[in-house]
Amino acid sequence: MNQFQSKTIMDKDYERLLNKLQQEEFSGRMLLNSEKAETWTFYFYLGRIIYATGGLHPVRRYQRNLCRYIPEILSEWKHLSSKPQIIQDLDTNLSWEYDLLNHWLQAKKVNPEQVNQFIKAQVKEIIFDITEAKQITFKYEQGKSYQRPLTLINSEQITLEAWKLRQNWQDAKLADRSPDFAPIIIKPEELRQRVSGKTFEAMQKLLDGKKSIRDLTVQLPQQNIVQLTSLLHPYIQTGLIELVKIEDLKSPIQSPTTYIPLIACVDDNLGVCSMMESIVKANNCRFLGISDELRAINMLLKYKPDMIFLDFIMPKLNGYELCRMLRKIPEFNDKPIIILSAYQNVVEHFRGKLSGCSGFVSKPIEAQVISNKITEHMVELDREIIGEQAPHAGKIQVYQNDKRELTELDWVELINKAIDTNKFQLFQQTIMPINSQGKISRHIEVLLRMINRDGQLLTPNLFLPVAEKYNLMPAIDKWVIETLFSLRKKFQNSSLDSCMYGVNLSGSSINSQEFINFILEKLEQYQILPQSICFEITETQALMDLEQASRFVKTLQAIGCKFALDDFGTGMSSFSYLQKLPVNYLKIDGSFIRNIDTDDTSYAIVDSTIQLSRKMGIKTIAEFVSNQSIFNKLVDLSVDYVQGYFIGKPQTIEL
């Protein structure tokens, strides 16, 4: 998908945005975030809305509209958690909500008109909620044209309907109330004296603090949210009734008790994939088969399996290299990754351990051996699921001095605020040439820190995983480029003016044509020599979409920019795809550099990488050079550049 820059809209600008997408016949999705950290997602087909979800109570909303428009399906809905096969068979094209409707429609349990009314009600309610927000940040992703949409909704018409309801809400002086809050009787004796006995009994039964005002309109179909809230308003103002915030219902799709583990197998042999599928499904798990190893990372990131089997020998990328790349992605840090290999010896086990694999299974595969591995690791998965119920689940520990833990939404808010208020700071670290002949310009890598609420600097490992997950990386990359280029122009004719700058880019940015245009625009705006910029991309990012990464590199190389491939691995298969990705520098993975002075295997790996790079005309950079001994070894191997604390620690680039 093509990623677009996040922007902010105010008041009724969202109407113009929806109309613009309709006029342009946009297909894809749009994500919106409010100042209260509420998020919504709209899906489009040729400019028409086909579904929307998100907000405070997406599951409550779904159940309400089932009650209103498809009441005959309620029994199946309530027992969905006991039917894992339905959950397993969902297509997950958009969201589970949409896919479940499609499942019922295909099974002829609902009719198209019911689905149409249901989705219109969903969209109208969400637009109503969006009208309350004072400020909304949006981004949209142009994607595939969804086949056979369940309905096509005119944006202008549905927005007008939602806006009329919001106007009625404001005219009734209810702007400070939320229909997602639940009314509860606080002073029953005083309320009894104010209303008739029959009315009090009905109110006592309905107003239990467990159902929102919107939920109550299902039981009172003659009242809409404006009418019902207006009736309750006098009692709320006098303190007889209070509106309380309630939680959303649990999603039947995400319930831990019905979760079905997903197991992936990456093997270029379709026969092996077929055998693995039979074994995995016999163990009551879902299966994901991938026969193209270069597409594996993208597929695994999309589906996030609970366990992965990797073939050791594949044409373009071996299992060790793929495993090592996966271990650098936060989602796969702790996932069991098993290597399928006919080669079982001490050396191979050592190499596997270096790559981060969890174990080995011999080929040809045996059903019982695979089943035992699945059972062994699924026990750990069960423990994780139970652990997610613990009080601190879903939190990220920030740093020892912080007084509390931050949720992901806290991080999203911090990152967005840092982007908007320049609460980032650029650092630099020297990359020193060795074995140089003649004058070589100074090289530095540009590093990033974030300033938190207390003015402390946070390292990227704390905030970048969340930024990547919530698609904030393009905005961060743009901040870095804009800030660096403006500094570069400011310090013309200084030491900074003669530097080669290494700028890290995310996978989202290198997969975007729009980002290329941004770079070209900024190079011209700040009159930066393209030859002074070296963009650093990681091996993992490049392999997510090798063709797009190749286009990105070649386009910017054509005007003089340089490229470095970071965290580079070992083996001939890694070098094979460099023919499509003609970078100027390879940054050798630090895990090998750290031990080069004590470990013969690491030394041999680094040596072979340097030699092969030289034959391809690619300069090498050794990272994590931490002492004199490591430095001396690298000098012996004739590496081109070195970087690390022994050469120089990161320092601020002052504004």
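In my numbering, the protein residues as written are 809 to 1463.
In this text, a Cβ means the ideal position worked out from N, Cα and C, and glycines have one as well.
Check	Outcome
CB-CB length for residue 881 against residue 912, believed under 8 Å	6 Å
Residue burial classification, residue 1425 (beta-carbon count within 10 angstroms, cutoff 16)	exposed
Cβ distance (whole Å) where residue 1309 is taken to contact residue 1252 below 8 Å	6 Å
Cβ shell of residue 1341 (< 6 Å), same chain only, five flanking positions each side left out	1309 and 1369
Runs of alpha helix (DSSP H) lying entirely within the stretch 919-996, each at least 4 residues, in chain order	920-940 and 963-979
Residue 837 - partner residues in DSSP beta bridges	851 and 949
Residue ranges of each beta strand (DSSP E) within the stretch 1328-1390, 3 or longer	1341-1346 and 1370-1376
Euclidean distance between Cα positions of residue 1044 and residue 1022	16 Å
Residue range of the beta strand (DSSP E) that includes residue 1119	1115-1119
Endpoints, beta strand (DSSP E) assigned at residue 1070	1070-1074
Residue 1211 (DSSP reduced to helix, strand or coil)	With a pLDDT of only 34 at residue 1211, under the threshold of 50, the placement of this residue in the model should not be trusted; the figure read from the coordinates follows. The answer is coil: DSSP assigns residue 1211 none of H, G, I, E or B.
For residue 825, three-class secondary structure by DSSP	helix
Top-ranked residue by Cα proximity to residue 1094, from 1085, 1331 and 1100	1085
Where residue 1079 sits in the DSSP three-state scheme	helix
Residue 1402 in three-state terms, based on DSSP	coil
Segment contact flag, the stretch 1123-1138 with the stretch 1344-1353, C-beta cutoff 8 Å, min 3 pairs	yes
Residue 1395 - containing beta strand (DSSP E), residue span	1393-1396
Residue 1251, DSSP secondary structure in three states	strand
Extent of the continuous alpha helix (DSSP H) run through residue 1429	Careful: residue 1429 lies outside any alpha helix (DSSP H), inside the beta strand (DSSP E) at 1427-1430.
Coil, strand or helix - residue 1408 by DSSP	helix
Residue span of the beta strand (DSSP E) that contains residue 1433, given as start and end	Premise fails: residue 1433 is in no beta strand (DSSP E) and is neither H nor E.
Cβ pair count under 8 Å reaching 3, the stretch 1283-1298 against the stretch 1215-1234	yes
Under the three-state DSSP convention, the category residue 1458 falls into	coil
C-alpha gap between residue 842 and residue 1296, whole angstroms	35 Å
Assumed close pair residue 1418, residue 1410 - CB separation to whole angstroms, cut-off 8 Å	Not a contact, Cβ separation roughly 13 Å.
Enclosing beta strand (DSSP E) for residue 1170 [first to last residue]	1167-1170
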